[in-house]
Amino acid sequence: MRIHTFEKAFLGVGAVLLVLFAGALVYATAAMGVHLPGVAGNVDPARVYQTPPFNTPGVRQTGPGRYEAVIVAQAFGFNPSVIRVPANAQVTFTATTIDVIHGFAIDRTRMNMMLIPGQVSRNAYTFRERGEYLLVCHEYCGIGHHTMSARVIVE
Amino acid sequence: MSAPIVASPAGFALPEAQRRILRWFVYLGFGAMVAGVAHGLAQALSYAGINILPVYPRLHSYYQGLTVHGVTNALVMTFAFGNGFLMLMTARALARPLNQALVTASFGVMAAGVAMSAWAMATNRASVLYTAYAPLQAHWTHYLGLALVVVSTWIATAAMIAALVAWRRENPGQRIPLLAFVSVTSWIMWWLASAGIAVSFLGFLIPWSAGWLPRVDPLLNRTLFWFTGHAIVYAWLLPAYVSWYALVPRQAGGKIISDLYTRVVFIIFLLVSIPTGLHHQYTDPGIGQGLKAVHGFLTFVIFFPSLATAFSVMAALEMGGRARGGRGLLGWIPRLPWGDPSLSAQLLAMLTFVLGGATGLVNASYTMNQVVHNTTWVPGHFHMTVGTAVALTFMGIAYWLVPYLTGRGLWAPRLAVAQGWIYAVGVLVFARGMISGGLAGMPRRTFMAQATYTQPGWKLAGAVTAVGGSLMSLGAVLFFIVLVGTVVAGKKGEGPADIPWSETITAPALAGWEPRLDRLRVWVAFAVILILIAYGPFFLMYHPHLVSKGYRFW
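Chains as they are written, first to last, in this note's numbering: chain B, -13 to 141; chain P, 176 to 729.
Okay, structure coming up:
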């Protein structure tokens, strides 16, 4: 295959950049503990409020410096609608939906999950700054989608 | 030793019966775009807090309009134009007409599908957006209509493959003309890719919406959708690549840099377009991180042929600019024929695609995706890719294609040049607003004009979005004016006699390993193996949960 020198250089630089970017992502995951949501179990959307931990939505301490926030979404709101968590503690958000697909995104953070009927969504985050954060549904869920939000208060 | 990329350089005229249907495909595509663009303005203004929905007669909601916007622009315009354009390229490249019955059937099936889906959307029975995520449940006619649009592309693929097989039989030992190779490969890739939504729609959503199947599994359908859903963007993009590789060099006065290279790029797209879909589901529950990482890696791989395209196409353009007297490092750029509306629109589409590709790499970036997923960053990104690299290229192609198919000269060519610039500047401003809003967490697919929440930083982003979106709308309207003007008032007999096919610098090799590149069956087999590796673990180990009845929350 005859490849022009400039083309070799161009593609070489491109390949090196892609490898560096991929390396940064591996570093973020392995060394900085930034993870994506994964497999976290199933729940029957018709029986969410009868199934632990969703039978008691809210925040509870699970260990020293560790908390779990259990949240149930439905058109067009989150339960609870005010979520109080401490700063500098690892908060595991465990959430699901009882009806259609909803989004779960906390502004100014990387907390970003889809809530899909039948699936439990889970990811952890540590808030470093106190204050009020906006939790929005960022997937279209119906006519009132743009009214679906909650508040996360970091104390 | 230059070589043509078509079988009969002297010329070839398609029978009028086929030209007519290809014309209808182009009209259907751009007609759908009129409906799609009409509501785009309302969405852009909504981000600035301006609600113009009451202006639209019989419109029930923002989300009904948003559904029409996505379905008509992303599904109907792209595939109607792609069908017509690629069938013409294949027929011209092989210098033989396609099977008339298949061409007619392809159009009839697509028209029927569009009509069904249009009815469901217009009567507010299908306000589920173009992604149609279950368990929001549209009327069954919507799913069936969209399925027919896909079936239409299968019939078009069959017509193209049939012509290629017949040509190969009559020309043993010859290389497939490059233009036919890239056109057929594009639609074969899509044919493989469409398996996901075919299973989802035929197996689940149609029986479910018709009442035969009580419940579906939302995650399974979502995953089947994205099996198709990332490759679909290449199905939109590859017809534009066909133009950039095979036609644009001629329009710019240059030649295709490498026959071999062009084929390799399209083969890589055939191989890697599909096993990348999970990068749209990074934030989904129920899918393991390991498999998400594999798809993330393969998405980085598919970035590579686009890098190669950037080099090859740019080199062909530079060759054209220098042949026209350009000197110095960048002196060839102003010497390109910018006054040709077809070329200038496509050059602007390419420039915009650089930013579209870069933002796409961020989307694909595993953990970083969490910062931008489902924010306005994403539509900011894809209005630079499908919304410009594809749409503006199709408009540019139309500036020679419609005169070619109608025999009428282009009406108001200077207006056509201005149109491309207005649209391109508009999309860059629009995307700047959407991208910055997305980085500040502004959600996509949301009626911001009446949202009950806001954040600092969204206001300016929304205003910029509205300004850019208004310019885009103006650019689109000017395009429709030029198009209708050409069809109605273009000077008869002034259409081009042939398509602007280019030559390659060197002829394709007849001996050695290179002719093996033309064995498309082998590449399809490799593509299937890669798909099985990337998706097999999920579909083999996934236990379906048929838990969701349908909801109509609109």
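Yeah, the Cβ is synthetic: ideal placement off N, Cα and C, and Gly gets one too. Source: prediction; values computed, not measured.
Per the contact definition of three or more C-beta pairs closer than 8 Å, is the segment 316 to 326 of chain P in contact with the segment 281 to 298 of chain P?
Flag = yes, the segment 281 to 298 of chain P and the segment 316 to 326 of chain P touch.
Is the segment 569 to 586 of chain P touching the segment 652 to 662 of chain P in the sense that three or more CB pairs, one from each, lie closer than 8 Å?
Proximity of the segment 652 to 662 of chain P to the segment 569 to 586 of chain P meets the contact definition, three or more beta-carbon pairs being nearer than 8 Å.
Within a Cβ cutoff of 6 Å, which residues of the same chain sit near P:Pro450, ignoring the five residues on either side of it in sequence?
If you number the second sequence from 1, residue 450 of chain P lands on position 275. Only Leu473, Leu705, Ile706 and Ala709 meet the Cβ criterion.
Cβ-Cβ separation, P:Val324 to P:Met285 (assumed contact under 8 Å), whole Å:
The residue labelled residue 285 of chain P in the question sits at position 110 within the second sequence. The residue labelled residue 324 of chain P in the question sits at position 149 within the second sequence. Between P:Val324 and P:Met285 the Cβ distance is about 6 Å, and since that is below 8 Å, they are a contact.
At a CB distance below 9 Å, what residues from the segment 5 to 24 of chain B approach chain P? Give them in sequence order.
Residues Val5, Phe7, Ala8, Ala10, Leu11, Val12, Ala14, Thr15, Met18, Val20, His21, Leu22, Pro23 and Gly24.
With a threshold of 7 Å between beta-carbons, can B:Val86 be considered close to chain P, or not?
Counting from one through the first sequence, the residue named residue 86 of chain B turns up at place 100. Yes - at least one Cβ of chain P is within 7 Å of the one on B:Val86.
If the cut-off is 9 Å on Cβ atoms, which residues from the segment 542 to 557 of chain P count as contacting chain B, listed in chain order?
Under the 9 Å Cβ criterion, the segment 542 to 557 of chain P contributes Thr542, Met543, Asn544, Gln545, Val546, Val547, His548, Asn549 and Thr550.
Less than 7 Å between CB atoms is the rule here; does B:Gly128 satisfy it with respect to chain P?
Locating residue 128 of chain B in the first sequence gives position 142, where the first residue counts as 1. Output row for B:Gly128: interface = yes.
Could you say which of B:Ile57, B:Pro72 and B:Gly19 lies nearest to B:Ala91 if we only look at CA atoms?
Stepping through the first sequence from its first residue, residue 91 of chain B is reached at position 105. For B:Ala91, the nearest C-alpha among the options comes from B:Ile57.
How is B:Arg52 classed by DSSP in three states: helix, strand or coil?
Looking up residue 52 of chain B in the first sequence gives position 66. In the three-state DSSP reduction, B:Arg52 falls in the strand class (E or B).
Does the CB of B:Thr42 have a neighbour CB from chain P at under 7 Å?
Numbered from its first residue, the first sequence carries residue 42 of chain B at position 56. With 7 Å as the cut-off, B:Thr42 does not count as an interface residue toward chain P.
Cβ shell of P:Met252 (< 8 Å), same chain only, five flanking positions each side left out:
Counted from its first residue, the second sequence places residue 252 of chain P at position 77. Taking C-beta separations shorter than 8 Å and ignoring five residues to either side along the sequence, the partners of P:Met252 in its chain run Gly204, Phe205, Ala207, Met208, Gly211, Ala566 and Phe569, following chain order.
What residues in its chain sit with their C-beta under 7 Å from that of P:Leu264, if we drop five residues either side in the sequence?
Working through the second sequence from its first residue, we reach residue 264 of chain P at position 89. Strictly speaking, residue 264 of chain P in this sequence is Met, with Leu absent from that position. Within the same chain, P:Met264 has close Cβ partners Leu354, Ser358 and Val417.
Determine the direct distance from the alpha carbon of P:Ala641 to that of P:Ala606, and round the result to whole angstroms.
Working through the second sequence from its first residue, we reach residue 606 of chain P at position 431. Working through the second sequence from its first residue, we reach residue 641 of chain P at position 466. Cα to Cα, P:Ala606 sits roughly 10 Å from P:Ala641.
Who are the near neighbours of P:Ala520 in its chain, counting only those whose CB is closer than 6 Å to its CB and skipping five residues on each side?
Taking the first residue of the second sequence as position 1, residue 520 of chain P is located at position 345. Cβ neighbours of P:Ala520 beyond the five flanking positions: Leu567, Met570, Gly571 and Gly595.
Below 8 Å between beta carbons is the criterion; list the residues of the segment 391 to 407 of chain P that meet it against any residue of chain B, in chain order.
Result list: Asp392, Pro393, Leu394 and Arg397.
Using only CA atoms, which one of P:Trp586, P:Tyr628, P:Leu590 and P:Gly637 lies nearest to P:Ile610?
As a working mapping, residue 610 of chain P is identified with position 435 in the second sequence. Comparing Cα-Cα distances from P:Ile610 to each of P:Trp586, P:Tyr628, P:Leu590 and P:Gly637, the minimum goes to P:Gly637.
Please compile the residues from chain B whose C-beta is within a distance smaller than 7 Å of the C-beta of P:Lys467.
Position 292 of the second sequence, counting from 1, holds the residue named residue 467 of chain P. Those within 7 Å of P:Lys467 in chain B are Leu22.
Reference P:Trp688; option with closest CA among P:Leu435, P:Ser183 and P:Leu646
Taking the second sequence and counting its residues from 1, one reaches residue 688 of chain P at position 513. Out of P:Leu435, P:Ser183 and P:Leu646, P:Leu435 has the C-alpha closest to the C-alpha of P:Trp688.
Same chain only: Cβ atoms within 7 Å of P:Ile432, ignoring 5 sequence neighbours per side:
Residue numbering aside, residue 432 of chain P sits at position 257 when the second sequence is read from its first letter. These residues qualify, in order along the chain: Ser487, Ala490, Ala491 and Ile680.
Unbroken alpha helix (DSSP H) run spanning B:Leu120, endpoints
The sequence position of residue 120 of chain B within the first sequence is 134, counting from 1. Premise fails: B:Leu120 lies in the beta strand (DSSP E), Gly117 to Val122, not in any alpha helix (DSSP H).
Chain-ordered residues of the segment 92 to 125 of chain B with a beta carbon less than 9 Å from chain P:
From the segment 92 to 125 of chain B, only Ile92, Asp93, Arg94, Thr95, Arg96, Met97, Asn98, Met99, Met100, Leu101, Ile102, Pro103, Gly104, Gln105, Val106, Ser107, Arg108, Asn109, Leu120, Val122, Cys123, His124 and Glu125 have a Cβ closer than 9 Å to chain P.
Counting C-beta neighbours from all protein chains within 10 Å, is the total for P:Pro347 16 or more, i.e. buried, or is it exposed?
If you number the second sequence from 1, residue 347 of chain P lands on position 172. By the 16-neighbour rule on beta-carbons within 10 angstroms, P:Pro347 is exposed.
By the three-class DSSP mapping on this structure, what secondary structure does P:Ala421 have?
The residue labelled residue 421 of chain P in the question sits at position 246 within the second sequence. In the displayed model, P:Ala421 falls within a helix according to three-state DSSP.
For a contact meaning CB atoms closer than 7 Å, what does P:Phe478 contact in chain B?
In the second sequence, residue 478 of chain P corresponds to position 303, counting from 1. Leu4, listed in chain order.
Following a CB-centred definition, is P:Thr550 positioned closer than 6 Å to any heavy atom of the ligand MG?
Because no ligand of any kind appears in the structure shown, any question about the ligand MG cannot be addressed here.
Roughly how many whole angstroms lie between the Cα atoms of B:Ala73 and B:Tyr35?
Here the question's residue 73 of chain B lines up with position 87 in the first sequence. Here the question's residue 35 of chain B lines up with position 49 in the first sequence. So the two alpha carbons sit approximately 28 Å from each other.
Let me check one thing: in DSSP terms, what residues is B:His88 bridge-paired to?
In the first sequence, counting from the first residue as 1, residue 88 of chain B sits at position 102. Answer by DSSP bridge pairing, in chain order: B:Leu101.
Ends of the alpha helix (DSSP H) at B:Ser107?
Within the first sequence, the letter at position 121 stands for residue 107 of chain B. Per DSSP, B:Ser107 lies in no alpha helix (DSSP H) segment; the continuous beta strand (DSSP E) that holds it begins and ends at Ser107 to Thr112.
Just checking my contact of P:Ile597 with P:Leu653 at CB under 8 Å: how many whole Å lie between their CB atoms?
Counting from one through the second sequence, the residue named residue 597 of chain P turns up at place 422. Counting from one through the second sequence, the residue named residue 653 of chain P turns up at place 478. Contact between P:Ile597 and P:Leu653 holds: their C-beta atoms lie close to 7 Å from each other, under 8 Å.
Roughly how far, in whole angstroms, is the beta-carbon of P:Leu445 from the beta-carbon of P:Met335, given that I think they are within contact range, below 8 Å?
Taking the first residue of the second sequence as 1, we reach residue 445 of chain P at position 270. Taking the first residue of the second sequence as 1, we reach residue 335 of chain P at position 160. Going by Cβ atoms, the distance from P:Leu445 to P:Met335 rounds to 14 Å, so no, they are not a contact pair.
Of all the CB atoms in chain B, is at least one closer than 7 Å to the CB of P:Thr621?
Locating residue 621 of chain P in the second sequence gives position 446, counting from the first residue. For P:Thr621, the answer is yes, since a Cβ of chain B falls inside 7 Å of its Cβ.
Return the CA-CA distance between P:Trp199 and P:Val278, expressed in angstroms with no decimal places.
Within the second sequence, numbered from 1, the residue matching residue 199 of chain P stands at position 24. Within the second sequence, numbered from 1, the residue matching residue 278 of chain P stands at position 103. Looking at the two C-alpha atoms, the distance is approximately 11 Å.
When we look at the beta-carbon of P:Ser221 and count the other beta-carbons within 10 Å, is it buried (16 or more) or exposed?
In the second sequence, counting from the first residue as 1, residue 221 of chain P sits at position 46. Under this definition P:Ser221 is a buried residue.
Can a CB atom of chain B be found closer than 7 Å to the CB of P:Tyr726?
Numbered from its first residue, the second sequence carries residue 726 of chain P at position 551. In terms of beta-carbon proximity, P:Tyr726 lines the interface with chain B, with at least one pair separated by less than 7 Å.
Output the boundary residues of the beta strand (DSSP E) element that contains B:Ile69.
Locating residue 69 of chain B in the first sequence gives position 83, counting from the first residue. Segment Val68 to Val71, the beta strand (DSSP E) holding B:Ile69.
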